[in-house]
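Asker: Per my numbering, the sequence shown starts with residue 85, numbered consecutively. Note that CB positions come from ideal geometry on N, CA and C, so glycine has one too.
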Amino acid sequence: MMNHALRKWLVTLGTAVSLLVVVGATGAPATAEPRGTSQPLLAAQTQGTKGRYIIGLSNSFFGNATRVEMEKIVEAEAKQPPWNRMVKKLIIMNAGNDVAAQIANIDTMISEHVNAILIDAASPSGLNGAIAAAHARGIVVVGYDNVPSSPFAVNVEEPMVQYSTEGMDWLAKTLHGKGNIVVIRGVAGTYDDTLEAKGIANVLKQYPGLHVLNTSFGNWDEADAETVMSGLLSSFPNINGVYTEGGEMGGVLQAFAKAGRKFVPTTGGSLNGTNELWEKDISKGLVGWAVTPDVWQSAYAFNTALKILSGKRVPRVVIAPLVTMTNATVRKYTSTRYPGDMYLDVGDPAVGVNLTPAEVVSQPAP
Numbered sequence: 085m086m087n088h089a090l091r092k093w094l095v096t097l098g099t100a101v102s103l104l105v106v107v108g109a110t111g112a113p114a115t116a117e118p119r120g121t122s123q124p125l126l127a128a129q130t131q132g133t134k135g136r137y138i139i140g141l142s143n144s145f146f147g148n149a150t151r152v153e154m155e156k157i158v159e160a161e162a163k164q165p166p167w168n169r170m171v172k173k174l175i176i177m178n179a180g181n182d183v184a185a186q187i188a189n190i191d192t193m194i195s196e197h198v199n200a201i202l203i204d205a206a207s208p209s210g211l212n213g214a215i216a217a218a219h220a221r222g223i224v225v226v227g228y229d230n231v232p233s234s235p236f237a238v239n240v241e242e243p244m245v246q247y248s249t250e251g252m253d254w255l256a257k258t259l260h261g262k263g264n265i266v267v268i269r270g271v272a273g274t275y276d277d278t279l280e281a282k283g284i285a286n287v288l289k290q291y292p293g294l295h296v297l298n299t300s301f302g303n304w305d306e307a308d309a310e311t312v313m314s315g316l317l318s319s320f321p322n323i324n325g326v327y328t329e330g331g332e333m334g335g336v337l338q339a340f341a342k343a344g345r346k347f348v349p350t351t352g353g354s355l356n357g358t359n360e361l362w363e364k365d366i367s368k369g370l371v372g373w374a375v376t377p378d379v380w381q382s383a384y385a386f387n388t389a390l391k392i393l394s395g396k397r398v399p400r401v402v403i404a405p406l407v408t409m410t411n412a413t414v415r416k417y418t419s420t421r422y423p424g425d426m427y428l429d430v431g432d433p434a435v436g437v438n439l440t441p442a443e444v445v446s447q448p449a450p
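(1) Once the 5 residues before and after Gly357 are set aside, which same chain residues still bring their CB inside 7 Å of it?
(2) Are there three or more Cβ pairs, one per stretch, closer than 8 Å when the stretch 177-190 is compared with the stretch 399-410?
(3) With DSSP collapsed to three states, give me the class of Arg221.
(4) Whole beta strand (DSSP E) runs in the stretch 310-353 with 3 or more residues, listed along the chain?
(5) So what does Gly263 bridge to, in DSSP terms?
(6) Suppose you measure from the CA of Pro399 to the CA of Glu241; what does that come to, to the nearest Å?
(7) Does the contact criterion of 3 or more C-beta pairs under 8 Å hold for the stretch 242-249 versus the stretch 409-416?
(8) Cα separation between Ile139 and Val401?
(9) Nearest CA to the CA of Ser142: which residue from Lys346, Arg221 and Ile215?
(10) If I follow the unbroken beta strand (DSSP E) through Gly372, where does it start and stop?
(11) Anyone know if the C-beta pair for Val266 and Val326 falls short of 8 Å?
(12) Hey, Leu202 and Tyr228: beta-carbon distance below 8 Å or not?
(13) Closest by CA to Val437, which one among Val271, Thr350 and Trp380?
(14) In chain order, what residues of the same chain have a beta carbon less than 6 Å from the beta carbon of Pro448, not counting five sequence neighbours either side?
(15) Do you know offhand how far Val445's Cα is from Ala185's?
(16) Which of helix, strand or coil does DSSP assign to Gly108?
(17) Tell me whether Asn212 counts as near the ligand GDP, meaning its Cβ is closer than 7 Å to at least one heavy atom of that ligand.
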């Protein structure tokens with residue numbers, strides 16, 4: 085791990101290098117771009133080397149099957165042409181939801197001379213010093229899922245505010261704008277959860293007849309959500325609807341079934357096992373809405389990093405598409421051939437990710 089003095093020097097150097105690059109490209113001084121602009125990354129900011137690359141993946145939270153799947157997706161994508169001819173080594177490190185540990189992992193990757201680092205960040209801003217240090221060494225940084233705010237990172241993002249806005253709006257309209265609901269959010273403090281919370285709040289302002297009885301965190305995890313929902317069912321006899329952000333939906337459905345309670349309109353994410361429960365429970369009155377998270381965005385980030393290393397220009401922010409489902413379409417994303425805690429939507433040919441569920445499950449556990 086780099087000491088504080090060295091990191092401070094690298095951060096300063098990184099800023100200076102970026103300014104020089106922009107001057108060389110435009111003929112006039114400029115400051116680093118704020119995150120969120122669409123100006124292409126300058127090819128001169130990459131290392132400019134050709135050949136086989138070492139790619140690092142720095143993951144934060146590792147407490148649910150989705151993060152495991154996202155890593156397997158990168159491993160599977162690295163074996164696809166043309167990427168398999170470009171990658172010498174893939175290094176994956178998990179820090180937990182611990183900013184200091186993730187900084188240490190990034191420092192280790194820098195010391196191992198990686199060419200690019202993919203980051204699922206524990207904090208939007210907490211990694212920015214380490215990212216600047218990587219940038220100063222010519223390392224390409226691409227964020228995905230929970231992305232960093234650093235101007236030195238290209239980010240692959242889902243439209244999370246849109247996701248939560250559409251989900252909560254569906255729930256509000258299904259309940260005709262009135263009733264008691266509970267909200268089960270994801271991992272506290274993460275970028276995605278923060279964005280989703282904005283969408284939730286924006287919609288609730290439009291429906292004063294909706295009353296939020298409780299807001300809890302389910303860590304996008306089925307087991308955690310079942311525990312939370314079981315407690316809520318014990319505390320509130322009059323729940324009319326449930327909003328969840330993602331992998332919690334299956335736990336919610338199981339909690340209702342075990343408590344012998346009538347299903348209420350529920351939102352969430354489309355895990356394979358959740359979809360199986362959902363299909364079965366439609367006959368019992370369940371009405372649902374869900375998003376299939378772009379778990380393949382990790383592969384999209386991987387591809388983006390290699391494109392940059394190859395000298396191609398890419399936008400600062402790459403937006404992945406949003407795919408939603410209802411009672412009428414849930415069957416499309418359900419199969420007994422694959423694990424229940426897996427998302428089956430593992431690719432999108434439109435963005436160059438052509439993986440199949442079979443290719444993903446065949447990868448060894450991280």
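Answerer: Quick look at the numbers:
(1) Gly334, Gly424 and Asp425
(2) no
(3) coil
(4) 325-328 and 350-353
(5) Leu294
(6) 12 Å
(7) no
(8) 20 Å
(9) Ile215
(10) Gly372 to Val375
(11) yes
(12) yes
(13) Trp380
(14) none
(15) 28 Å
(16) Summary for Gly108: the model assigns pLDDT 24, below 50, so the residue's position carries little reliability; its value from the coordinates is reported in the next sentence. Correct three-state label for Gly108: helix.
(17) Looking at this structure, you won't find the ligand GDP or any other ligand, since it has none at all.
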